[in-house]
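In our numbering, the protein residues as written are 289 to 547.
Taking it in order: structure first as structure tokens, then the write-up.
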């Protein structure tokens, strides 16, 4: 589904030709190195640079050297655009604790098993690279089936949309970071407390971001259970920004989840 969306940002800078007269005086470009400065305003709404499985957001500068009677020479160089996202300007819901739970049974011949109860909670849902996501995971395994794996991970979900010749959507999921927990088969509640370090990664897409490539994140808990390694998943949406939530407000949410 190759799709290209090009946005041209232009800013003309006058560079005089050798021998051209300006205000009655001839401009002469001497042999050697000549330096010409220019700038180009980058709108705040520009999507950040990105390289993905099915597409990319790329920025380049192109310089064309036009030579009379000779073939033009073209030079290009790529540059990176970083976009800021202040979490304090996002909806207040990302400051509050989030909780998700799951109850599953498994087919164990000749009948179904007891329940596997899993609950995951976080103190807030907005973070920046370099911060840790504190996670509490509670597991009560009354299924009688062995838990083979418990994994926490931050997942980047990238949605690619093309509209030529027809609308087509592809989604790619990529594990950004994670941790594997010890498996404890206990019918009583087993409580895990873990923290996931957020590495350098693109910010969450906003409403004014590029519509062709959209990026969101989820914190996932994944358990493999039973002889068939059946998978139980829980997920909480996470917003990744560049400016962290105010410390005093974050501390209040941590106290709330601990209580």
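C-beta: ideal position from N, C-alpha, C; glycine also.
Range covered by the beta strand (DSSP E) that runs through residue i
i           : result
residue 436 : 435-450
residue 464 : 456-469
residue 347 : 347-353
residue 234 : Past the boundaries of the shown model lies residue 234; the chain is included only from 289 to 547, so the question cannot be answered.
Of the residues the options, the one placed nearest residue i, counting alpha carbons only
i           : options               : result
residue 261 : 416, 425, 319 and 351 : No answer is possible for residue 261: it lies beyond the span of the chain, which begins at 289 and ends at 547.
residue 471 : 410, 369 and 437      : 437
residue 426 : 412, 520, 349 and 406 : 406
residue 449 : 342, 323, 330 and 338 : 342
residue 349 : 339, 364, 355 and 357 : 364
residue 445 : 501, 475, 347 and 481 : 501
residue 337 : 503, 519, 321 and 409 : 503
residue 418 : 386, 486, 320 and 403 : 486
residue 469 : 512, 318 and 453      : 512
residue 495 : 455, 410 and 379      : 379
residue 345 : 522, 497 and 361      : 497
residue 527 : 369, 505, 354 and 461 : 505
residue 322 : 333, 330, 353 and 435 : 353
residue 475 : 333, 388, 516 and 435 : 435
residue 439 : 460, 420, 482 and 459 : 482
Own chain, CB closer than 8 Å to residue i, minus 5 neighbours either side, in chain order
i           : result
residue 441 : 463, 464, 465, 466, 467, 484, 507, 508 and 510
residue 534 : 376
residue 335 : 345, 369, 371, 493, 497, 498 and 501
Cβ distance (whole Å) where residue i is taken to contact residue j below 8 Å
i           : j           : result
residue 532 : residue 423 : 18 Å between Cβ atoms; not a contact.
residue 383 : residue 414 : 7 Å
residue 386 : residue 409 : 7 Å
Beta-carbon proximity list for residue i, same chain, < 7 Å, skipping 5 on both sides
i           : result
residue 547 : Because the pLDDT at residue 547 is just 44, under 50, the model does not fix this residue reliably, and the value given afterwards should be weighed accordingly. Answer for residue 547: no residue qualifies.
residue 390 : 406, 520 and 522
6 Å Cβ shell around residue i - same chain, five flanking residues per side excluded
i           : result
residue 529 : 373, 375, 416 and 491
residue 431 : 394, 401, 402 and 404
residue 488 : 417
Interface flag, residue i vs chain C, CB-CB below 8 Å
i           : result
residue 386 : The chain labelled as chain C is not found in the depicted structure, where only one protein chain is given.
### Query
Going along the chain, which unbroken runs of the beta strand (DSSP E) with 3 or more residues stay wholly within the region 475-526?
478-485 and 501-513
### Message
Runs of 3 residues minimum, wholly inside the region 383-425: which ones carry the beta strand (DSSP E) assignment?
### Response
386-392 and 404-410
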